[in-house]
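Novice: Have a look at the structure that comes next, please.
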Amino acid sequence: MKKILLTGALGQIGSELTLKMREIYGADNVIATDIRDNGSDVVQSGPFELLDVTDHKAMFDVANKYEVDTIIHLAALLSATAEKMPLLAWNLNMGGLVNALEVSRELNCKFFTPSSIGAFGPSTPKDQTPQDTIQRPTTMYGVNKVSGELLCDYYYHKYGVDTRGLRFPGLISYATPPGGGTTDYAVDIYYKAIEDARYTSYIAQGTYMDMMYMPDALNAIINLMEADPSKLIHRNSFNVTAMSFEPEQIAAEIKKHIPNFVMQYDVDPVRQGIADSWPNSIDCSAAQKEWGFKADYDLAKMTVDMLEKLKKTVT
Ligand code: AKB
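Letter 105 of the sequence shown, counting from 1, is numbered 677 in this note's numbering, and no numbers are missing.
Structural data, given as structure tokens:
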């Protein structure tokens, strides 16, 4: 990877990945794009272009202008928003993806896009979900993710585009809040713990989902993209996870640092329904074997870091 273009660079993953990639590969070699300009570090610290990913010509022109050799396609709607606006989700998630794959084919770029635990559904084995298993999701986001995995495989087999992907669990970060996901409660809870020592969870007690701290997610993307292609048996997409917990467990971990923290529940049927259709925990042994995936943060270590970082920014 020498010249990298990111779409959705102001989103939850993009805003941290862009800065980390600029440190590693040089600011001028990492081109950030998004549909909006928020004046943040991502916009200020290197090349930035406004880009609507549903516009193929605009994407081709930006990638061609900077002569990029890698496309990291992150622009997408998350699960809860996609469920509210399924047609928009199909058009944006699939339209953006096929454009990014086409530009990668046309300009001979290496390609990454995230998949998700959302690519699994109620008929998937729930515990230690295997890498290769039943994928019949019941959400629009899940339908997009499975279709996306297949499309990325298609571009690899048909055109030789070097496509790679990760099935991310819920991602937790102190830098940029996510928007419209089902796992977002596990981010919100830290903000509310610091602000008023209480949180009302929209996900019910006893609902296990996989999660990962953002530094591990960023390393996973970079390590997968740097991996020797001859070692990759799978490509789109690898199961990765760092921890699996239910709301009571994250609340108990926070209480170790904020003893008066109180957890309450007001379950949202839509997001609960999505969570119930996803695995409790996934097996990431293929990622470990094929390119050495490893996560450094568990729930305890992540909680210490989240609370420490947020205390400095949230009042
Ligand atoms: C979401 O909740 O939609 C995402 C995901 C697990 O893909 N965080």
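Glycine included, each C-beta is placed from N, C-alpha and C at the ideal position.
Looking only at C-alpha atoms, which of ALA858, MET878, TRP863, PRO851 sits nearest to LYS698?
Specialist: Comparing Cα-Cα distances from LYS698 to each of ALA858, MET878, TRP863, PRO851, the minimum goes to PRO851.
Novice: As a quick exercise: from GLY864, GLY690, ALA652, PRO694, pick the residue whose alpha carbon is nearest that of GLY720.
Specialist: Per the Cα distances, GLY690.
Novice: Tell me GLN777's beta-bridge partners as DSSP assigns them.
Specialist: Paired residue(s): none; GLN777 is not in a bridge.
Novice: Within 10 angstroms of the Cβ of TYR547, are there 16 or more other Cβ atoms? Answer buried if so, exposed if not.
Specialist: Nothing about residue 547 can be reported from this structure: the residues present for the chain run from 573 to 887 only.
Novice: Just list the residues that DSSP pairs GLY737 with in beta bridges.
Specialist: Note: GLY737 sits in a beta bridge opposite THR685.
Novice: Pull up the distance between the alpha-carbon of ALA604 and that of THR579, whole angstroms please.
Specialist: Cα to Cα, ALA604 sits roughly 7 Å from THR579.
Novice: If LEU673 and THR626 are in contact, beta carbons under 8 Å, what's the gap, nearest whole angstrom?
Specialist: About 13 Å; that fails the 8 Å criterion.
Novice: If we ignore side chains and look at the alpha-carbon of each, how far apart do HIS905 and ALA799 end up?
Specialist: Nothing about residue 905 can be read from this structure; the chain reaches only from 573 to 887.
Novice: Thinking C-alpha only, which one of LYS592, ILE846, GLN584 is nearest ILE576?
Specialist: Per the Cα distances, LYS592.
Novice: Does the beta-carbon of ALA872 have 16 or more other beta-carbons within 10 angstroms, so that it is buried, or is it exposed?
Specialist: Looking at its Cβ environment, which holds fewer than 16 other Cβ atoms inside 10 Å, ALA872 is exposed.
Novice: With burial defined as no fewer than 16 other Cβ atoms inside 10 Å of the residue's Cβ, what is the status of VAL640: buried or exposed?
Specialist: Burial call: buried.
Novice: Does the count of Cβ pairs from the stretch 780-794 and the stretch 743-758 closer than 8 Å reach three?
Specialist: The answer is yes - the stretch 743-758 touches the stretch 780-794, with three or more Cβ pairs under 8 Å.
Novice: Please look up how many angstroms separate the CB atoms of ALA581 and ASP606, rounded, as I've assumed it's under 8 Å.
Specialist: About 5 Å; that satisfies the 8 Å criterion.
Novice: Once DSSP output is grouped into helix, strand and coil, what is the label at TYR869?
Specialist: In the structure shown, TYR869 sits in coil (DSSP, three-state: anything other than H, G, I, E or B).
Novice: THR748 and GLN584 look like a contact to me (Cβ under 8 Å); what is the Cβ gap, rounded to whole Å?
Specialist: Indeed they touch by this definition, with Cβ atoms about 5 Å apart.
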